[in-house]
Amino acid sequence: MSEVLSILDRVAGVARNSGCFGDVDLRGAALRCAAKAAAAEAWYSVQHEAGGWCVSLSTADRWLSESIETDLLHFGDPIEELIEEELVELGGHGSVPPPKHFRADDRSYVFVSRVPDADGDANHVAGLVGKWLLAYEAAFRNLGDMSGADEE
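For the sequence shown, the numbering used here assigns the number 1 to the initial residue and increments by one for each residue that follows.
And the structure:
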């Protein structure tokens with residue numbers, strides 16, 4: 001478990017240094033990063049579960065979730081392609097499987113992806129998971145009301 005915490009601590013450093021997030025909160029075995037300019041509260045998260053690493057975006061705000069879905073339908077770009085493009089911009093590679101999108105038991109709306117090939121030494125894993133977190137943020141930032149509603 002200490003290796004998981006070490007990796008999460010390194011990813012938290014990546015998140016803080018990026019300037020892309022509001023609060024960055026490391027609690028136990030989960031990292032939560034506030035979406036900086038979203039019209040409603042939304043969180044990017046990193047967790048180690050079931051033997052792998054996952055990156056997610058969640059919000060309790062139905063309208064924010066629907067605004068993201070609407071943009072994805074309107075523009076026609078699959079979210080996995082948007083994440084993959086951002087990952088490549090960050091020096092990553094490989095195909096991105098489609099994120100799971102669902103309403104969780106706590107009534108939040110969630111997009112979640114398992115990070116493929118996230119094994120090896122802690123430095124490699126932290127670097128890869130950090131890139132995925134930044135790619136997730138960059139892909140979602142321009143969708144729906146993720147960049148704020150004050151523009152109207």
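Even for Gly, the Cβ is constructed at its ideal location relative to N, Cα and C.
> Quick one: Cα of residue 117 to Cα of residue 44, how far?
Replying inline: Sequence index remark: in the sequence shown, residue 117 carries index 117 (1-based). Sequence index remark: in the sequence shown, residue 44 carries index 44 (1-based). Spanning the two alpha carbons is a distance of roughly 20 angstroms.
> Going by alpha carbons, who is nearest to residue 136 out of 26, 55, 64?
Replying inline: For the purposes of this step, residue 136 is identified with residue 136 of the sequence shown, where counting begins at 1. Nearest C-alpha to residue 136: 55.
> Taking the beta strand (DSSP E) that residue 23 falls in, what are its first and last residues?
Replying inline: Numbered from its first residue, the sequence shown carries residue 23 at position 23. 21-27 is the span of the beta strand (DSSP E), which, as asked, contains residue 23.
> What residue from 103, 120, 11, 78 has the CA that sits closest to residue 63's CA?
Replying inline: Residue mapping note: residue 63 aligns to position 63 of the sequence shown, counting from 1. Here the closest residue by C-alpha is 103.
> CB residue 58 to CB residue 108, shorter than 7 angstroms?
Replying inline: For this step, residue 58 is matched to residue 58 along the sequence shown. For this step, residue 108 is matched to residue 108 along the sequence shown. The answer is yes: Cβ separation under 7 angstroms.
> Helix, strand or coil: which one does DSSP assign to residue 14?
Replying inline: For the purposes of this step, residue 14 is identified with residue 14 of the sequence shown, where counting begins at 1. Three-state DSSP puts residue 14 in a helix.
> Taking contact to mean at least 3 C-beta pairs separated by less than 8 angstroms, is the stretch 6-13 in contact with the stretch 123-140?
Replying inline: yes
> Whose C-alpha, out of 40, 71, 83, is nearest the C-alpha of residue 115?
Replying inline: Working through the sequence shown from its first residue, we reach residue 115 at position 115. Residue 115 has its Cα closest to that of 83, out of 40, 71, 83.
>> Looking at the secondary structure, which residues open and close the beta strand (DSSP E) in which residue 45 lies?
In response: One-based indexing of the sequence shown puts residue 45 at position 45. Start and end: 42-49.
>> Output needed for residue 4: all residues of its chain with C-beta closer than 8 angstroms, excluding positions within five of it in sequence on either side, in chain order.
In response: Position 4 of the sequence shown, counting from 1, holds the residue named residue 4. Excluding sequence neighbours, residue 4 sits near 29, 48.
> How many Å lie between residue 15 and residue 144 at the Cα?
Replying inline: One-based indexing of the sequence shown puts residue 15 at position 15. One-based indexing of the sequence shown puts residue 144 at position 144. Taking the straight line from one Cα to the other gives about 22 angstroms.
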